[in-house]
Amino acid sequence: MGGKVVNLFYRFIIFIMSIILMLVSLLTAIYAFGFARVGLLPDIIESMYKQWQAGIVFLLLFIAGAWIIYPFFVREVKTTPISRSDLGEVDITIEALDNLVNSVALQQEGIAEISNKMLVKDEGLFIFLQGKVSADTPIPELTADLQMLVKSYIEDTTGVNVAGVKVLIKGVSNDQELVK
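Numbered per our numbering, the sequence shown spans residues 499 to 678.
What follows is the structure, encoded as structure tokens:
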């Protein structure tokens, strides 16, 4: 619930900042095209001199702007829990799981290329594999083996509950492509 309130507040701040930016842009354009008198902008700025209320408003606008752009500079590390005990919790990053999935999937005979995406939900980890297979491989057998291999390897190696492994074959390569 708290995340939804923060998200709603964040969207509200973005909306207000957008309106302010639009108004400032419009007023600046009107001034630039000469539709306002020459001394208007300096008069507005001079009228704010030593006005603490205006200073607070612009300081709040600065803080809101910094809050809006902050997520662009911070990379959130996504993790999933491995185990919990009296001593604490053990997590693994999605990036580490990604490397494990790719390495085990490429060991499967008949897989030419593989990429994956992962989604962590309450039920467990969902793994979405996309790849190319060699032309002489029976696809139903290969994909069933791949699903079981990835699921068992991740569960045995990390302890993460794998709720599902979905495979999409997006291409078939001939043997010459595999040699390259």
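Built from N, CA and C at the ideal position, the CB exists for glycine as well.
It should be emphasised that the depicted structure is a prediction, and the values quoted were computed from it without experimental measurement.
What three-state label does DSSP hand residue i in the structure shown?
i, result
"F531", "coil"
"L585", "coil"
"K649", "helix"
"Q628", "strand"
"P636", "coil"
"E544", "helix"
"K502", "helix"
"G447", "Only positions 499 to 678 of the chain appear in the structure, and residue 447 is not among them; the question remains open."
"F513", "helix"
"E675", "Annotation note: pLDDT 49 at E675 (below 50); position unreliable, coordinate value reported separately. If DSSP states are grouped into helix, strand and coil, E675 belongs with the helices."
Give a yes or no on whether the C-beta atoms belonging to residue i and residue j are separated by under 8 Å.
i, j, result
"L627", "K664", "yes"
"I612", "W565", "no"
"I631", "L640", "A small correction: the amino acid at residue 631 is Val; Ile does not occupy that position in the sequence shown. Cβ atoms of V631 and L640: closer than 8 Å."
"I590", "V660", "no"
"I652", "V599", "yes"
"M515", "G563", "yes"
Tell me, please, which residues DSSP counts as bridged to residue i.
i, result
"P679", "This structure cannot settle anything about residue 679, because the visible part of the chain is limited to 499 through 678."
To the nearest whole angstrom, what separates the beta carbons of residue i and residue j, a pair I think is in contact under 8 Å?
i, j, result
"V618", "T656", "Wrong, their Cβ atoms sit about 13 Å apart, outside the cutoff."
Can you tell me where the beta strand (DSSP E) with residue i in it begins and where it stops?
i, result
"V660", "V660 to S671"
"V602", "No beta strand (DSSP E) contains V602, which is instead part of the alpha helix (DSSP H) from I592 to Q605."
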